[in-house]
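Notes to accompany the following structure.
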Amino acid sequence: MTRASARLATERTQPAVGRPRTRISVLRSDWPLMLRTTSPLGATPVTAWAGRTSGPACVHVAAGAAGPLGGDRPALDVHVGPSRALLLGEVAPTLLLPGTYGEESRLDIRIRVGTGAALAWLPELVIAGRGCRHVTDIRIVLEAGARLVLREEVLFGRHGEAPGAYRRRVRVETEHGPVYDQELGVGPAAIGWNGPAVTAGRRTAGTLIAVDPDLASDGTPPAALCAHDTAVMALPGGGVLVSTLASETTALRRQLDHTMAHLLTRTAEQGPAAPHREPARHVSR
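Shown next, in the form of structure tokens:
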């Protein structure tokens, strides 16, 4: 059994020449959650989207051991400071496995994105191996004017095997309240999980969440995003939710990346994100 707590935070710097950049102010790994700063990514729709706020910092999570295994309790806390930009990724997929005594593993992730900041979080595939008992709980709070892109992917068991018991809950809140709160359960304890109302027998599922005021629309999804086994829905306050099913992971990643590129290219055409300003307050005398 492993209990670990890793922390990541950012701050903004203003160089003598050039635009503001984001600097990592807290980078505390706790085995097996190893945080590593990485070189800036090449020019992609994601980097362009995040860079509308400031020059983004880039951090990847590397696993220092297999798992999580049954009984493990890792936790990750991330704070993106006001007007900062962070690209957060992972080095490799995560394989969930049973422990020696059949205990449940749990991953808790708490993220706060400050006023006018941007976070692009692109974790790698999660594989729910046979016999695992795992819960992932993700809570994201977006302050005024904050923007978010989150891509998630899960594979239901390795090749030729059924998945273990896997549950994942993701909740995203803004200053106006929750905009997304969903739980997915698969495996022996989730009756009907592979039926037509949930995964329809597909082997893998993915979600793309984009919260950005520039994505506000009339609620009609662009035709370019509509594909087989894909649902596109508007989020309140400016944002898009994309849920995709696929028979294998390559097709899933291809569809999610295509959708993400289309959405973020649309917002990039809006130009730099406007800095958030607090409303003026009248002071009585």
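Its first residue numbered 66, the sequence shown is counted upward by one per residue in our numbering. Even for Gly, the Cβ is constructed at its ideal location relative to N, Cα and C. The structure presented is a predicted model; accordingly, all values stated were derived computationally and were not measured.
Tell me whether residue i sits in a helix, a strand or coil according to DSSP, three-state version.
i: Q320; result: helix
i: T314; result: helix
i: L98; result: strand
i: T330; result: helix
i: L220; result: strand
i: A183; result: strand
i: V111; result: helix
i: L306; result: strand
i: R72; result: strand
i: G252; result: coil
i: L207; result: strand
i: L106; result: coil
In the DSSP assignment, what are the bridge partners of residue i?
i: V200; result: R171, R232
i: Y245; result: V237
i: M298; result: L306
i: A122; result: L151
i: I274; result: L215, L306
i: A193; result: L161
i: R77; result: T87
i: A131; result: According to DSSP, which records beta bridges pairwise, A131 is partnered with nothing at all.
i: L92; result: L73
i: V178; result: V145, L207
i: T269; result: L220, A311
Residue i and residue j look like a contact to me (Cβ under 8 Å); what is the Cβ gap, rounded to whole Å?
i: L134; j: S170; result: 6 Å
i: G146; j: A182; result: 6 Å
i: A230; j: R198; result: 5 Å
i: G302; j: T239; result: 6 Å
i: G129; j: M99; result: 5 Å
i: P97; j: T67; result: 6 Å
i: L152; j: T112; result: 7 Å
i: D277; j: G304; result: 6 Å
i: I176; j: V143; result: 4 Å
i: T264; j: L310; result: 6 Å
i: R233; j: L249; result: 5 Å
i: A127; j: V156; result: 4 Å
i: L280; j: M325; result: Not confirmed; about 12 Å, so no contact.
i: S308; j: A296; result: 5 Å
i: G179; j: R149; result: 7 Å
The stretch 314 to 333 contacting the stretch 213 to 223, beta-carbon criterion three pairs below 8 Å: Flag = yes, the stretch 314 to 333 and the stretch 213 to 223 touch.
Stretch-stretch touch, CB-based, cutoff 8 Å, three pairs: the stretch 119 to 134 with the stretch 82 to 92: The stretch 119 to 134, when compared against the stretch 82 to 92, does touch it at the 8 Å Cβ threshold.
Length at least 3, wholly inside the stretch 137 to 165: the beta strand (DSSP E) runs in chain order: DSSP runs (the beta strand (DSSP E)) wholly in the stretch 137 to 165: 138 to 145, 150 to 155, 159 to 161.
Given 8 Å, three or more beta-carbon pairs between the stretch 67 to 81 and the stretch 104 to 117: Counting C-beta pairs with one atom in each stretch, the stretch 67 to 81 and the stretch 104 to 117 have fewer than three that are closer than 8 Å, which means they do not touch.
Contact between the stretch 184 to 196 and the stretch 145 to 163 (3+ Cβ pairs under 8 Å): Verdict: yes, contact present.
At least 3 beta-carbon pairs within less than 8 Å: the stretch 259 to 270 vs the stretch 201 to 213: By the Cβ rule, the stretch 259 to 270 does not count as touching the stretch 201 to 213, because fewer than three pairs are nearer than 8 Å.
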